[in-house]
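Chains as they are written, first to last, in the numbering used here: chain W, 116 to 478; chain Y, 116 to 478. Note that the Cβ used here is the ideal one computed from N, Cα and C, for glycine as well.
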């Protein structure tokens with residue numbers, strides 16, 4: 116039996132106990148813009164020209180964030196699509212029929228998806244003791260069939276930034292393209308001294324997601340490229356549409372996401388995002404120390420992500436208590452200091468951690 | 116210079132003169148649900164369980180629409196993703212390393228995109244004189260490397276339904292999988308005597324888009340499969356998420372789309388959709404006749420899409436006048452009778468057509 120006709124509808128949960136997500140509550144301006152543009156489709160720019168114009172502006176605005184004067188690209192569904200497209204462009208532009216992609220083992224799992232979808236070989240290299248790509252290990256895995264080298268500017272698990280300029284050099288030496296995945300980090304790193312963007316290294320494509328730290332509404336990913344050649348390598352013909360050629364992975368697309376990215380960037384770049392970064396970094400430093408004094412091993416946060424080694428039983432008990440938590444592949448608790456995460460919320464979490472410890476002692 | 120910081124924002128255009136789109140204004144209940152669920156991500160079901168539960172219900176509801184008792188699948192970004200996934204599942208489940216897909220030349224261009232992305236060969240067969248797949252021509256193109264046969268239930272250009280049961284038989288004879296693209300037709304055909312769904316033929320996967328005639332908000336596509344084996348063939352592992360395995364093409368996904376599909380189906384299935392279909396069909400019949408009496412060649416509408424052979428100059432003049440129009444690949448004007456299209460709007464269009472004719476006579 117289905118729920119057809121049922122009027123009951125659960126409320127979406129609040130963000131108060133969400134410590135696991137790289138998404139967050141949209142900025143109020145982003146929420147309003149998303150609602151206003153709900154019925155538009157930037158995938159059909161001749162029918163929906165207003166949102167298509169906004170999308171061109173978003174790409175330009177993202178260029179300011181990633182320090183590129185004249186970027187091309189589009190608003191994707193998210194980081195997964197942008198990463199797939201980076202691999203697809205590299206594969207399509209290369210001559211080999213046995214293409215491979217080389218990156219650190221800290222790559223987001225969307226590259227596994229890209230490898231399956233696009234039928235390319237994914238070669239992962241170990242990271243160094245600080246969870247960053249090891250340039251020599253990357254270089255060792257590159258050969259004549261390498262079409263793309265990938266570096267990460269803000270890893271999903273530990274928020275680390277790979278040595279982007281050195282990885283770019285390695286890619287260029289091998290005549291391979293170079294992609295930077297800044298899906299999460301892109302709206303944090305402009306306020307740091309990390310070397311990660313188009314001004315710091317020779318980069319072909321980048322992923323940077325407005326719907327993560329950019330505070331846009333889902334779906335608003337960013338796919339940024341240095342030249343039109345990249346988009347041309349992705350384009351298919353579009354009969355029935357008055358526009359010619361479509362480089363996106365999807366067809367019909369969300370105008371809500373585009374408009375909300377535009378609104379969030381207009382409202383928040385750069386000062387609002389700087390403030391978010393500083394707040395998040397302060398929370399990360401404080402929370403890491405609070406866990407350390409409780410005797411837990413903590414991976415030092417470079418950016419607003421904290422990983423803590425806690426026993427599986429504790430993780431499960433905290434999940435039972437209503438906390439939305441995530442784990443690294445090594446099993447550590449991972450807390451992402453998104454804009455919705457507050458000191459009060461973390462204090463509540465720490466109180467629950469303390470309750471666990473005292474009830475453990477009583478047992 | 117970019118528009119950063121600019122407060123100016125264009126209004127999205129109204130749907131009054133949109134005759135080209137297969138999307139439409141969301142149902143009021145769908146719009147409200149989309150707004151309510153804007154900040155949720157069904158791609159992370161353990162963090163956002165409420166919207167994940169809604170998604171399971173939507174798949175079940177779509178099962179009612181396509182006459183499948185126990186469907187599996189998910190809410191995709193749209194028809195393009197669902198079509199790509201159907202090809203991907205077929206490719207991944209087959210043994211050949213030189214896979215091909217066979218379908219009629221009337222296939223949506225998303226299959227060209229799927230062929231490029233997935234590196235499969237797309238073999239197109241001519242259609243018959245009524246724009247439907249020619250079963251013999253399809254059969255001629257099938258060989259041992261054919262992993263998928265595709266039929267369309269409501270073509271993008273003429274709204275035609277291919278001979279689905281016969282195509283299914285041809286696919287089965289060749290040990291190939293069978294996919295039906297009902298992206299547009301799926302919410303129209305339940306109210307016709309067409310043979311198109313899971314009760315009429317042996318079908319592995321189907322595309323049916325709530326954000327087209329289903330009146331959900333973008334992005335809400337539907338990917339429906341008969342068994343878990345299909346989703347297993349698409350799944351990649353998901354470290355950092357508490358769920359295991361992700362079969363979708365994208366990662367982070369729109370909770371707005373899922374919730375709005377749920378709301379639209381709850382409000383409109385079946386009577387609201389039946390009414391839309393009957394209204395659209397009446398408009399199509401009337402509009403086709405009005406164009407015929409004006410001397411234009413019209414492709415008889417089987418479903419609420421009308422194609423009319425008009426001169427390029429007239430098409431351009433009508434576009435100049437503010438009409439959002441689309442063309443078939445043969446160059447005909449194509450009008451899709453979506454729920455937002457009214458008799459008044461079409462009467463205005465016909466008046467503009469008449470003005471063109473009289474100004475042409477005056478010249």
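- For the alpha helix (DSSP H) assignment, the uninterrupted runs of no fewer than 4 residues enclosed by the stretch 351 to 388 of chain Y are, from N- to C-terminal side, 370 to 383.
- Taking a Cβ-Cβ threshold of 7 Å, the residues of chain W close to residue 366 (chain Y) are 193, 194, 195 and 225, in chain order.
- Relative to residue 172 (chain Y), the option among Y:330, Y:337, Y:281 and Y:398 whose CA is nearest is Y:337.
- Contact between the stretch 461 to 469 of chain W and the stretch 418 to 432 of chain Y is absent: fewer than 3 CB-CB pairs across the two stretches fall below 8 Å.
- Under the rule that a run must span 3 or more residues, the beta strand (DSSP E) segments found entirely inside the stretch 212 to 278 of chain Y read 215 to 219, 236 to 240 and 261 to 267.
- Using a CB distance below 7 Å, the part of the stretch 219 to 252 of chain Y facing chain W consists of 224, 225, 227, 228, 231, 232, 233 and 234, ordered along the chain.
- Residue 414 (chain W): member of the beta strand (DSSP E) spanning 412 to 414, first to last residue.
- Chain W has a Cβ within less than 8 Å of the Cβ of residue 151 (chain Y).
- The bridge partners DSSP lists for residue 189 (chain Y) are Y:338.
- Non-local beta-carbon contacts of residue 374 (chain W) in its own chain, meaning distances under 7 Å to residues more than five positions away in sequence, involve 148, 149, 151, 152, 166 and 169 in chain order.
- Taken in chain order, the complete beta strand (DSSP E) segments of 3 or more residues contained in the stretch 414 to 442 of chain Y are 420 to 424.
- At a Cβ-Cβ threshold of 8 Å, residue 452 (chain W) and residue 399 (chain W) count as neighbours.
- The residues 413, 416 and 421, in chain order, have a CB closer than 6 Å to that of residue 403 (chain W) in the same chain once the five nearest residues on each side in sequence are set aside.
- By the rule that beta-carbons nearer than 8 Å mark a contact, residue 352 (chain Y) touches chain W.
- With a 10 Å radius around the Cβ and a threshold of 16 neighbouring Cβ atoms, residue 203 (chain W) comes out buried.
- By the Cβ-count criterion, residue 381 (chain Y) is buried, with 16 or more other Cβ atoms from all chains shown falling within 10 Å of its own Cβ.
- In the three-state reduction of the DSSP assignment, residue 173 (chain Y) falls in the helix class.
- For residue 133 (chain Y), a Cβ of chain W is located within less than 8 Å of the residue's own Cβ.
- Looking at the DSSP output, residue 296 (chain Y) bridges to Y:267 and Y:322.
- For residue 165 (chain W), the closest Cβ of chain Y is nearer than 8 Å.
- When C-alpha distances from residue 146 (chain Y) are compared across Y:379, Y:456 and Y:448, the shortest belongs to Y:379.
- Rounded to whole angstroms, the separation of the alpha carbons of residue 331 (chain W) and residue 296 (chain Y) is 32 Å.
- Among the residues facing chain W, residue 294 (chain Y) is not included, as its CB has no counterpart in that chain under 8 Å away.
- Residue 456 (chain Y) and residue 131 (chain Y) have their C-alpha atoms spaced approximately 7 Å apart.
- In the DSSP assignment, residue 449 (chain W) forms a beta bridge with W:422 and W:441.
- DSSP places residue 203 (chain W) in the uninterrupted alpha helix (DSSP H) bounded by 194 to 208.
- DSSP, reduced to helix, strand and coil, places residue 180 (chain Y) within a helical segment of the structure shown.
- Residue 468 (chain Y) sits in a helix when the DSSP states are folded into three classes.
- By the beta-carbon neighbour count (other beta carbons within 10 angstroms, threshold 16), residue 206 (chain W) is buried.
- Chain W has no Cβ within less than 8 Å of the Cβ of residue 465 (chain Y).
- Apart from sequence neighbours up to five positions away, the residues of its chain that approach residue 405 (chain W) with a beta-carbon distance below 6 Å are 465, ordered along the chain.
- Residue state for residue 133 (chain W) is assigned as strand, using DSSP reduced to three classes.
- In this structure residue 217 (chain Y) is buried. Its beta-carbon is surrounded by 16 or more other beta-carbon atoms within 10 angstroms.
- The Cβ of residue 301 (chain Y) sits no closer than 8 Å to any Cβ of chain W.
- What residue 418 (chain Y) touches in chain W, judged by beta-carbon distance under 8 Å, is nothing: the nearest beta carbon there is about 16 Å away.
- Contacts with chain W at 8 Å (Cβ-Cβ) include residue 140 (chain Y).
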